[in-house]
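Residue numbering for the sequence shown is 1 to 191, as defined by our numbering. In this text, a Cβ means the ideal position worked out from N, Cα and C, and glycines have one as well. Since the structure is predicted, the reported quantities are computational estimates derived from the model, not experimental observations.
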Amino acid sequence: MPSSLITIAIKLSPFEALYGRRCRTPLFWNQTGEKQVFRPDLIRDPEQQIKMVRENLRVAQSRQKSYADVRRRDLTFKVDDFMYLKVSPMRGIRRFNMKGKLAPRYIGLFKIVERKGEVAYKLELPSNLSGIHNVFHVSQLKKCLREDLTYTEHPVKILETSERVTRNRRVKMCRVQWKHHTEDEATWERE
């Protein structure tokens, strides 16, 4: 990027912010004489220039922060919760005996031992991960909901029955329609 272009964040060119005057290009020399280039009013007070640049940067930073805060949420966990630990995927590096796309993104189910500060937690790691520091930022953790995430489906009605004959026995089967499913999605079950 040329140093004569004006940046949006500081509303000046980098050259002008650094030296307090505009960059002298051949075009600039031809349009104005040397006398006009070195006028005292062209060179601003350096302290005033620094204040203006800092204020413009602060405004740009707060604008970018407001964009980032739209999707941000505070994560808090409790002691004795179970977490998955994020393993950052890197190309060509073998992690947990897998390479590339097949390498796991999260490992474990690790128990939180204690909270360290506002955004860090200490985990109880197994002995095979003893070389890794056991305090992690919340961005590296993912909460495990429960191991036993199952649900039971309840039958609504039996649509038909049949008997299947195998080599040495007969198996009675019935076609069952389940709750929240249509008749086309009915399954054959043993009686």
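> How do the segment 174-184 and the segment 154-161 stand: do at least 3 beta-carbon pairs fall below 8 Å, yes or no?
Replying inline: yes
> Run through DSSP, which three-state label would Leu145 get?
Replying inline: Here Leu145 sits in coil by DSSP.
> Exposed or buried, what is Glu47 when buried is set at 16 or more other beta-carbons lying within 10 Å of its beta-carbon?
Replying inline: exposed
>> At the level of alpha carbons, what is the spacing between Gly117 and Thr7?
In response: 38 Å
> What residue range is occupied by the uninterrupted beta strand (DSSP E) comprising Glu47?
Replying inline: Note, Glu47: premise wrong, no beta strand (DSSP E); alpha helix (DSSP H) at Pro46 to Asp69.
> What's the gap between the Cα of Gln140 and the Cα of Gly131?
Replying inline: 17 Å
>> Please classify Leu18 as buried or exposed, where buried requires at least 16 other C-beta atoms within 10 Å of its C-beta.
In response: exposed
> Who are Arg164's beta bridge partners in DSSP?
Replying inline: Val171
>> Please tell me whether Arg115 and Val79 are closer than 8 Å, where the distance is taken between their beta carbons.
In response: yes
>> If I follow the unbroken alpha helix (DSSP H) through Glu16, where does it start and stop?
In response: Where Glu16 is concerned, the enclosing alpha helix (DSSP H) stretches over Pro14 to Tyr19.
> Would Leu85 pass as a contact of Phe136 if the rule is Cβ separation under 8 Å?
Replying inline: Yes, Cβ-Cβ distance for Leu85 and Phe136 is below 8 Å.
>> Given the structure, does Ala120 come close to the ligand ADP, in the sense that its CB is under 7 Å from one of the ligand's heavy atoms?
In response: Here there are no bound small molecules, and the ligand ADP is not part of this structure.
>> For a quick check, are the C-beta atoms of Gly20 and Gln61 less than 8 Å apart?
In response: no
> Cα separation between Ser88 and Arg72?
Replying inline: Looking at the backbone, the Cα of Ser88 and that of Arg72 are separated by about 20 Å.
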